[in-house]
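Per our numbering, residue 1454 is the first one in the sequence shown, and the count goes up by one each step. The beta carbon of each residue, even a glycine, is placed where N, CA and C say it ideally should be.
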Amino acid sequence: GKIVKFPDFENLSENCNESAEYISMYPNVLLGVHRDHAFAIILIPEAPEQTTESVHFYTYKDIDRALQKKNRDQWKDIFKEDIFVV
(Lines of atoms letter the chains of each structure in order from A and count residues from 1; the text may use other names and numbers.)
(Lines give C-alpha, C1' and ligand atoms only; values in the text may rest on other atoms or scores of the structure.)
Protein backbone atom coordinates (compact mmCIF):
# COMPACT_ATOMS: atom_id res chain seq x y z
CA GLY A 1 0.00 0.00 0.00
CA LYS A 2 0.85 3.66 -0.16
CA ILE A 3 3.13 4.93 2.60
CA VAL A 4 1.57 7.89 4.37
CA LYS A 5 3.87 10.20 6.29
CA PHE A 6 3.91 13.55 8.01
CA PRO A 7 4.77 16.63 5.93
CA ASP A 8 8.34 17.83 6.55
CA PHE A 9 9.15 21.06 8.32
CA GLU A 10 10.13 23.77 5.84
CA ASN A 11 13.65 24.96 4.96
CA LEU A 12 15.56 22.01 6.39
CA SER A 13 19.16 21.25 5.52
CA GLU A 14 20.12 18.06 3.68
CA ASN A 15 21.52 16.75 6.98
CA CYS A 16 17.94 16.42 8.24
CA ASN A 17 17.23 13.77 5.59
CA GLU A 18 19.42 11.23 7.36
CA SER A 19 19.43 12.14 11.03
CA ALA A 20 17.49 13.43 14.01
CA GLU A 21 18.55 15.40 17.05
CA TYR A 22 17.98 14.33 20.65
CA ILE A 23 18.62 17.00 23.24
CA SER A 24 18.64 16.65 27.02
CA MET A 25 18.09 19.86 28.94
CA TYR A 26 19.07 19.49 32.57
CA PRO A 27 17.41 18.59 34.80
CA ASN A 28 14.17 17.26 33.35
CA VAL A 29 13.49 18.04 29.67
CA LEU A 30 14.14 15.71 26.73
CA LEU A 31 13.62 16.85 23.14
CA GLY A 32 13.49 14.84 19.93
CA VAL A 33 13.59 16.69 16.61
CA HIS A 34 12.98 14.87 13.34
CA ARG A 35 12.41 16.20 9.82
CA ASP A 36 8.64 15.73 10.12
CA HIS A 37 7.81 15.81 13.82
CA ALA A 38 9.22 16.70 17.21
CA PHE A 39 8.51 15.75 20.79
CA ALA A 40 9.18 17.10 24.24
CA ILE A 41 9.24 14.98 27.36
CA ILE A 42 8.99 16.61 30.75
CA LEU A 43 10.21 14.36 33.58
CA ILE A 44 8.34 14.95 36.82
CA PRO A 45 9.92 13.34 39.90
CA GLU A 46 7.17 11.97 42.15
CA ALA A 47 9.20 9.90 44.67
CA PRO A 48 12.73 8.44 44.94
CA GLU A 49 11.81 5.52 42.65
CA GLN A 50 8.97 7.09 40.64
CA THR A 51 9.02 9.58 37.77
CA THR A 52 6.12 10.65 35.57
CA GLU A 53 6.78 11.41 31.91
CA SER A 54 4.61 14.07 30.26
CA VAL A 55 5.06 13.63 26.49
CA HIS A 56 4.01 16.19 23.88
CA PHE A 57 4.19 15.60 20.10
CA TYR A 58 4.35 18.30 17.43
CA THR A 59 3.99 18.23 13.64
CA TYR A 60 4.42 20.97 11.06
CA LYS A 61 0.82 20.92 9.88
CA ASP A 62 -2.42 19.39 11.03
CA ILE A 63 -2.46 15.77 9.98
CA ASP A 64 -4.77 12.81 10.08
CA ARG A 65 -5.56 11.76 13.67
CA ALA A 66 -5.07 8.07 12.84
CA LEU A 67 -1.52 8.83 11.63
CA GLN A 68 -0.84 10.87 14.77
CA LYS A 69 -2.01 7.95 16.92
CA LYS A 70 0.13 5.46 14.99
CA ASN A 71 3.21 7.65 15.47
CA ARG A 72 2.44 8.15 19.17
CA ASP A 73 1.96 4.40 19.69
CA GLN A 74 5.25 3.61 17.95
CA TRP A 75 7.11 6.09 20.15
CA LYS A 76 5.36 4.76 23.25
CA ASP A 77 6.88 1.33 22.58
CA ILE A 78 10.34 2.88 22.18
CA PHE A 79 9.95 4.99 25.32
CA LYS A 80 9.00 1.84 27.28
CA GLU A 81 12.31 0.27 26.23
CA ASP A 82 14.18 3.27 27.64
CA ILE A 83 12.25 3.64 30.90
CA PHE A 84 15.08 2.15 33.00
CA VAL A 85 17.22 5.16 32.06
CA VAL A 86 14.61 7.61 33.32
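* Quick one: what does DSSP say Ala1473 is sitting in, helix, strand or coil? -> Looking up residue 1473 in the sequence shown gives position 20. Look at Ala1473 here: in three-state DSSP terms it is coil, with no helix or strand label.
* Please state if the CB of Gln1521 and the CB of Thr1512 are separated by a distance shorter than 9 Å. => Sequence index remark: in the sequence shown, residue 1512 carries index 59 (1-based). Sequence index remark: in the sequence shown, residue 1521 carries index 68 (1-based). It is a contact, given that the beta carbons lie within the stated cut-off.
* Asked: Between Asp1535 and Asp1489, which are expected to be in contact by the criterion C-beta below 8 Å, what is the C-beta distance as a whole number of angstroms?
  -> For this step, residue 1535 is matched to residue 82 along the sequence shown. For this step, residue 1489 is matched to residue 36 along the sequence shown. Cβ atoms of Asp1535 and Asp1489 stay farther apart than 8 Å, at about 21 Å.
* Asked: Across which residues does DSSP place Pro1498 in a beta bridge pair?
  -> For this step, residue 1498 is matched to residue 45 along the sequence shown. According to DSSP, which records beta bridges pairwise, Pro1498 is partnered with Thr1504.
* To do: Count the other CB atoms, across all protein chains shown, that sit within 10 Å of the CB of Leu1484; report buried if there are 16 or more and exposed otherwise.
  => Here the question's residue 1484 lines up with position 31 in the sequence shown. By the neighbour-count rule (16 or more Cβ atoms within 10 Å), Leu1484 is not buried but exposed.
* Asked: Under the three-state reduction of DSSP, which class applies to Leu1465: helix, strand or coil?
  -> As a working mapping, residue 1465 is identified with position 12 in the sequence shown. It is coil, neither helix nor strand.
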